[in-house]
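Residue numbers (this note's numbering): 4 to 220. Before any comments, here is the structure.
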Amino acid sequence: MNPLAIRVKVIINCAMSADGKIALKSRKQTEISNEADKKRVHELRSSVDAVLVGVGTVLTDDPKLTVKEKYVRDARNPVRIVLDSKGRTPPDSMVLNGEARTIIVTSEDCSVELPNAEVLRCGIGRVDIARLVSMLEEKGIGSVLVEGGAEVIWSFLRSRLADELYLFIGSIVIGGDTSPTPAGGEGAASVEEAVELRLMKAEVIGNGVLLKYEVTK
Ligand SMILES: NC(=O)c1ccc[n+]([C@@H]2O[C@H](COP(=O)([O-])OP(=O)(O)OC[C@H]3O[C@@H](n4cnc5c(N)ncnc54)[C@H](OP(=O)(O)O)[C@@H]3O)[C@@H](O)[C@H]2O)c1
Numbered sequence: 004m005n006p007l008a009i010r011v012k013v014i015i016n017c018a019m020s021a022d023g024k025i026a027l028k029s030r031k032q033t034e035i036s037n038e039a040d041k042k043r044v045h046e047l048r049s050s051v052d053a054v055l056v057g058v059g060t061v062l063t064d065d066p067k068l069t070v071k072e073k074y075v076r077d078a079r080n081p082v083r084i085v086l087d088s089k090g091r092t093p094p095d096s097m098v099l100n101g102e103a104r105t106i107i108v109t110s111e112d113c114s115v116e117l118p119n120a121e122v123l124r125c126g127i128g129r130v131d132i133a134r135l136v137s138m139l140e141e142k143g144i145g146s147v148l149v150e151g152g153a154e155v156i157w158s159f160l161r162s163r164l165a166d167e168l169y170l171f172i173g174s175i176v177i178g179g180d181t182s183p184t185p186a187g188g189e190g191a192a193s194v195e196e197a198v199e200l201r202l203m204k205a206e207v208i209g210n211g212v213l214l215k216y217e218v219t220k
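This is how it looks when you write it as structure tokens:
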């Protein structure tokens, strides 16, 4: 349950390897999902009002964050949102290709302007995600799919702003002590700070497994 009683539904979706890594040790993305899971993710994207990532994901993977016609016919693209306090999104990034509405969220002291994007300034020094969620609600955005990366996922979980967590576990081992995991950032310092989940559903998808959790505390 969302403790701030904000009505925006926030779902986190992430694909990880069997050993709990979401990218290579270089932090570059790699194939973790299978085709059936990609279709699920594109359907999920087309069902929400906005899809959100951190600038770390933009810098490493340069994702488009649109819905592929290959997976969803007559696809509609959600708004693309990037958390980018200092305005580091490269102007030639795929998220700025004009194919879908894009909002770059910076801190209030950042004056960057970017092509094909609205800039929303929110938070001192770093994007304040609780405030952002209420600003998005004011803009009529009622559902947000958080697609990564590790630091952003942890921020949404830690601040109890996420309602659900969907984890696809692919049949691959990536290994490495420093390869990113679904939740990065500072992490919990005690069991009280750890985020509690309730398993809602476990589903086999091809050669992988999808776990759907509700964030409870
Ligand atoms: N397997 C998957 O499903 C999947 C999906 C997506 C990404 N990934 C992987 O995830 C990795 C990228 O993750 P990452 O942790 O490096 O970067 P990230 O979570 O994408 O972005 C983190 C950055 O977002 C900015 N940010 C602004 N406000 C924030 C806030 N309130 N909380 C957290 N971050 C905030 C910060 O930069 P500023 O301080 O400059 O604002 C921060 O460094 C890559 O390896 C990528 O391949 C995997």
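The beta-carbon is built from N, C-alpha and C at its ideal position, and this holds for glycine as well.
Residue i, enclosing alpha helix (DSSP H) - first and last residue
i: R3; result: For residue 3 there is no data in the structure shown, the boundaries of the chain being 4 and 220.
i: E46; result: 38–50
i: I84; result: Looking at the DSSP string, I84 is not in any alpha helix (DSSP H); the run it does join, the beta strand (DSSP E), is 82–86.
i: V155; result: 153–161
i: A186; result: Where A186 is concerned, there is no enclosing alpha helix (DSSP H), given that its DSSP letter is neither H nor E.
i: L135; result: 132–141
Reduced DSSP secondary structure (H/G/I, E/B, other) of residue i
i: P6; result: Low confidence applies to P6: its pLDDT is 48, below 50, so where it sits in the model is not reliable enough to give any reading.
i: A18; result: strand
i: G59; result: helix
i: L27; result: coil
i: V194; result: helix
i: T65; result: Looking at the sequence provided, one finds Asp at residue 65 rather than Thr. The answer is coil: DSSP assigns D65 none of H, G, I, E or B.
i: S174; result: coil
i: V98; result: helix
Where the beta strand (DSSP E) through residue i begins and ends
i: S146; result: 146–149
i: R124; result: 121–124
Sequence-distant residues of its chain with Cβ nearer than 7 Å to residue i (five each side left out)
i: T181; result: K28
i: V176; result: S20, A21, D22
i: M203; result: K215, Y216, E217
i: M138; result: L123, C125
Cβ neighbours of residue i in the same chain (closer than 6 Å, five flanking residues each side left out)
i: G179; result: K28
i: A78; result: S49, V70, E72
i: M4; result: Caution applies to M4, whose pLDDT of 45 falls short of 50 and renders its modelled position unreliable; the model cannot decide the point.
i: K12; result: S146, D166
i: R104; result: V82
i: A26; result: Q32, P183
i: D131; result: C125
i: A53; result: P81, V82, I84, I144, V147
Close Cβ partners of residue i (< 8 Å) along its chain, the five nearest in sequence each way excluded
i: G187; result: G152, A153, E154, I156, W157
i: V212; result: F171, I172, A205, E206
i: I208; result: N37, A39, D40, R43, F171
Identified DSSP bridge partners for residue i
i: Y169; result: N16, K215
i: T109; result: R124
i: A53; result: V82, V147
Minimum Cβ-Cβ distance from residue i to chain B less than 8 Å
i: V98; result: No chain B is present in this structure, which holds just one protein chain.
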